[in-house]
Structure formats: C-alpha cells, structure tokens
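> Just dropping this structure here.
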Amino acid sequence: MSNLVIVGTQWGDEGKGKIVDLLASSADAVVRFQGGHNAGHTLVINKKTFKLSLLPSGIVRQKLSIIGNGVVVDPIHLEKEIRNITSQGIDVNSSNFVISSDCFLILPIHKYIDGLRESQKKGSNKIGTTGRGIGPAYEDKVSRRGIRFSDFKNLKELEEKFISIYNHYNAWIEKFEGKVISYQNDFEIILKCYQNLSKYMDNTWLLLKQLNDKKSKILFEGAQGFYLDLDHGTYPYVTSSNTVAANASIGSGVNPNQLKKILGITKAYTTRVGNGPFPTEQNNDIGEKLGKIGNEFGTVTGRKRRCGWLDILMLKKAITISGINGLVLTKLDVLDFFKDIKICTSYKINNQIFQDYPSDVSYNQNIIPIYETLEGWEQETKGITNFEELPLNAQSFVKRIQFLVNCNIDIVSTGPERDENIILNEVFN
Ligand code: GDP
Ligand code: IMO
Ligand code: MG
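If you use the working numbering, the sequence shown closes out at 430, no skipped numbers anywhere.
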C-alpha cells in the first residue's frame, strides 16, 4: 500500500504544491479532495512558474489528475484555469484529467454573496475570505439545495434548482441592496461551461477503486491548512471544508484503510492570510523581514501574508489529529538572514502555561508565546540537497523541531525550484 496524503499543518501556503509536484513523479494519480479555487499553489520548474488553484498539481507532470467529490467547482474558473495552463504547454485532456460528477458547483451568486457578506462585516469580524464563493457553495451543499454536475442530466429539474438557490439568496440581496439577481443569464453561462467540461466527468470513486486494485500509487493533495479546518481550526476564521487528512477519504471515496502515509507540510516559520488569531505573529520588523525574504503574498488574492515564528503547539495538534507520520519542512532558506531564530514551545494565558494547543484560542485573547531562541546560521542554504552541507545551526534547527514534535522530518525544502530539496527519507516508494 503506497498511497500518500499531503496536508498543510498551519494556515495554508506551506508549499504543498511544490511538494506535490516533487512527489508526483512517483505517482500514478493525484487527487484533490476538498476546497476549491481558494487554494493557490505556485510551482517553479526550471525558472518557469505555474500557478494552480483547482487543477491538481500533478497535471504539470501530466499525471492522471482527479478532482474528487469533496471539492467545490466553479466551472467558469475551471475553464479559465485549463486555458491558462494549456497556454503554458501543459496538455489537459480527458485521459489525464477527471472530475467527479458528484462535485458541487460554485455559482456566480455564491461569489457575489461571499463578497456582499464580507462587505457587511466590520473590522475584525471580517473573515477575510478569498471572495471566491467557497463558503456559500458548501453552505448550499449542507443545506441540501446545492447543484452537482450529475444534476445536468435533467435540465428542467436543474433549472428549478437554480431558481430555488437564486430565490434563497435574493431575499437577502434585496434587503441590503434593493435589487435581485436574475438566474437566467447565469444558468445559460453555466450550462455552456458544463457542455465544455462534461468530457472530463466520471464516477471517480470507482476509478480510484480500479487504481487501488491495480496497486497504483495515489497522491491525495490537500488544500489550505490544518488551522483553516472547519472543525479543528481557528473557527470562525476558517474555510468551509475539513482540511484534515481524514477528509481525503470522504472527499474522494477512497476508504481510510487505503491511506497509510500522511505527510504534513510545515513552513519553517508561520504565515496567515486573512483575519483570525495568530499567537506567534510578528507585527514588527521581524514579520516584515520574513514576508519580504519569503515573498509572502497570496497566490490567489495577492494579499500580504501575516508572518511570525514557528509554533510547536500548532504542529503537535495537527500531527495528532491528521495522523501525520512524516513532515516536510519548507522555506528553510528564508531563515538564512536571521541572527536569532525563535520557536514557540508553550503559551502563557492568564498566568497558566499551556504546552498543548488550548481548546479556545480566540482573536482577542491575550496569549503570550514562550519561545526557545536558537542561534541562526546567517549563511546561504538555498538549493542545498545534502543535509550534511547545511550549516550546523541549520541542522540543529531541523533536529530540534523533529525532537519537539516527535515526528520525523522526511524532506527539507531549500528553495522554490522542484529540485531544491534535502530528501532525508523516501516517503513514496
Ligand atoms: P501552497 O498553497 O501550500 O501550495 O503554497 P503556495 O504556493 O501558496 O506558497 C508557497 C510559496 O513558497 C510559493 O511561492 C513557492 O514557490 C515557495 N516555496 C516553496 N518551497 C519553498 C522553499 O523551500 N523556499 C523558498 N524560498 N520558497 C519556497
Ligand atoms: P492554499 O491551498 C491560505 C483562507 C482565507 C480566509 C479563510 C476563508 O493555497 O494553502 P475562503 O475563501 O476559503 O472562505 O476563506 O481561509 N484561505 C487560505 N489561506 N491558503 C489557502 O489555500 C487558503 N484558502 C483559504 O484567506 O482567511
Ligand atoms: Mg497557497
């Protein structure tokens, strides 16, 4: 059994896309199982940059790329993304790309409502969503009014579903904006998209069963990160799907016995886009420096990412709940320029010390992070592929994290390029 699940352990943007691309070389298929085009992954291959949001990152290596049932799909965006990647020389066809016909759709009105809701909220009440309609689309799924690709079999019933969704939201839009949005135009646009995309649709749980029966190697590509998980993250400042590894099963139809290796991707420091608690945030020169060297700007929205030190409490919870049995430490090279490097090992809240992540980390709570300070290495590590070639202080940093979280670090990433990695253990063979 050699299936592999890749998940983020922080607030997203840990470098999952780069690692999925690296390990996809050994995969027969790459599967997305949650989220939508709120994800943004940047891959750098021989100085050429690829940006993916909805297409599984395996597509760049022309691996069988599957969008599982747990993903919410904006068909307008998907068409655009296929066009963009095709213009970069990557072929997307019905042999290498498959979408589950059980996927729920993101409609234009979902995007509109996402924006309108955020604009209604004030200050720190804003979630800071990507504005792509993810929340409203999942909301419709849960409330059992959502539309799936399989609904296009019966156009009359489909139209009724559109009317019901537009009526539902129009009651609210009318109240705030004194207007309503007509469904007809959107219905026609989405219908046209469906006609173009239907060639990619299939029964993906069965396809995955067939792949498993053949002992194929399947890589499950998580989007977002552990602390954006709807149940386990920093609610309400989360996304609307479960980002934990267990969702690889639900969101694809592969049973949990088939998921053995769970790889957690961890940035050597921490970043967050959007609002919400961030105990180790460095709202100062250090945060600015991390952001500048790490080029911490969102792939999807271009927003500046908030930056801070690595948080061991966060990692330990993510490892426990996701069942992570190997870590990838990314962006080590960003720390090359720091004299001192901090790692948060406990929190002090109301004079009480916490070594495990507390149950109710809220936005305005006074959490005092307690740090261990490690001596920096102040030498270039970019592109190093051999652990022994790392400066001794960088080696100590990696080993210290491994010790504190009690989990192997299997790969250290030392740059954005595909081959800028130190492979400590083979994880996908
Ligand atoms: P994802 O959403 O988890 O796939 O991550 P993003 O692609 O949104 O953000 C990670 C960014 O860091 C991308 O621009 C990557 O090219 C870049 N990156 C990944 N690994 C490394 C690394 O080890 N060093 C540096 N300097 N950049 C990296
Ligand atoms: P990748 O896969 C970082 C954040 C948004 C916002 C919150 C809710 O690139 O790591 P949503 O639009 O999902 O309703 O927004 O979640 N968010 C991400 N932050 N990386 C992502 O994906 C994210 N996807 C959503 O910024 O705070
Ligand atoms: Mg990203």
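Cβ atoms here follow ideal geometry from the backbone N, Cα and C, with glycine treated the same way.
Does S199 come out as helix, strand or coil in the three-state DSSP assignment?
Correct three-state label for S199: helix.
> Just how far apart, CA to CA, sit D286 and S102?
Using only the alpha carbons, I get a separation of about 48 Å.
> Taking DSSP as the reference, what is the three-state secondary structure of T50?
In the structure shown, T50 sits in a strand (DSSP, three-state: E or B).
> Would you say the beta carbon of R146 is closer than 7 Å to some non-hydrogen atom of the ligand IMO?
Checking the 7 Å criterion, the Cβ of R146 is out of range of every heavy atom belonging to the ligand IMO.
> State yes or no: is the C-beta of Y270 nearer than 7 Å to some heavy atom of the ligand IMO?
Y270: no, Cβ never under 7 Å from the ligand IMO.
> If you measure between the beta carbons of G299 and Y270, is that distance less than 8 Å?
no
> To the nearest angstrom, how far is it from the Cα of K142 to the Cα of N204?
Roughly 19 Å separates the two Cα atoms.
> Figure out for me which residue from Q196, D357, L391, E373 has the closest Cα to the Cα of K343.
E373
> Tell me the DSSP secondary structure of F429 in three-state form.
coil
> If you measure between the beta carbons of L44 and L53, is that distance less than 8 Å?
yes
> Ends of the alpha helix (DSSP H) at Q211?
205-214
> To which residues of the same chain is V406 closer than 8 Å at the C-beta, ignoring the five residues directly before and after it?
Answer for V406: I313, L316, K317, I320, L328, listed in chain order.
> Decide if the segment 330-345 is in contact with the segment 247-262; the criterion is three or more beta carbon pairs, one per stretch, under 8 Å apart.
no
> Tell me the DSSP secondary structure of Q356 in three-state form.
The answer is coil: DSSP assigns Q356 none of H, G, I, E or B.
> Using DSSP bridges, identify the partner residues of L328.
G265, I410
> On the premise that R304 lies in contact with V255, defined as a C-beta separation below 8 Å, what is that separation, rounded to the nearest angstrom?
That pair is no contact at about 34 Å.
> At the level of alpha carbons, what is the spacing between D115 and S183?
17 Å
> What do you reckon, are the CB atoms on R33 and V8 nearer than 8 Å?
No; because the gap between Cβ atoms is not below 8 Å, this pair is not in contact.
> Applying the 10 Å Cβ sphere with the 16-neighbour rule, what's the burial state of P370?
The C-beta of P370 has 16 or more other C-beta atoms within 10 Å across all chains shown, which makes the residue buried.
> Could you give the C-beta distance for A30 and I86, rounded to a whole number, given that I count them as a contact under 8 Å?
A30 to I86, Cβ: 18 Å. No contact.
> Should the segment 225-238 be regarded as contacting the segment 11-24, the criterion being three or more beta carbon pairs within less than 8 Å?
yes
> Quick one: grab the DSSP three-state call for I7.
strand
> In chain order, what residues of the same chain have a beta carbon less than 6 Å from the beta carbon of F188, not counting five sequence neighbours either side?
F163
> Going by DSSP, which residues form a beta bridge with F177?
Bridge partners of F177: none, in fact.
> Does the distance from the C-beta atom of T382 to that of L333 stay below 8 Å?
Contact flag set, yes.
> If the criterion is Cβ atoms closer than 8 Å, does the pair S363 and Q356 meet it?
For S363 and Q356, no; Cβs fall outside 8 Å.
> What does the Cβ neighbour count give for K48, buried or exposed, with the cut at 16 atoms within 10 Å?
exposed
> Could you name the residues of the same chain whose beta carbon sits closer than 8 Å to that of L195, not counting the 5 residues immediately before and after it, in chain order?
A small fix is needed here, since residue 195 is Tyr in this sequence, not Leu. A distance below 8 Å between beta-carbons, with the five flanking residues on each side excluded, links Y195 to the following residues of its chain, in chain order: P76, F150, F153.
> Going by other Cβ atoms of all chains shown within 10 Å of its Cβ, with 16 needed for buried, is P417 buried or exposed?
buried
> Can the beta-carbon of D22 be found less than 8 Å from the beta-carbon of S58?
yes
> Quick one, which of D232, Y139, H38, L159 has its alpha-carbon nearest S360's?
D232
> What residue from S144, R145, E222 has the CA that sits closest to I60's CA?
Per the Cα distances, E222.
> Within the same chain, show all residues whose beta-carbon is closer than 7 Å to that of G41, passing over the 5 residues directly before and after it, in chain order.
K52, S54, G299, T300, V301
> Taking its Cβ as the centre, do 16 or more other Cβ atoms sit within 10 Å of D230, making it buried, or is it exposed?
buried
> Since L117 contacts F177 with CB under 8 Å, what's their CB separation in whole angstroms?
7 Å
> Which residue wins for smallest C-alpha separation from Q283, given the options F398, R306, K261?
R306
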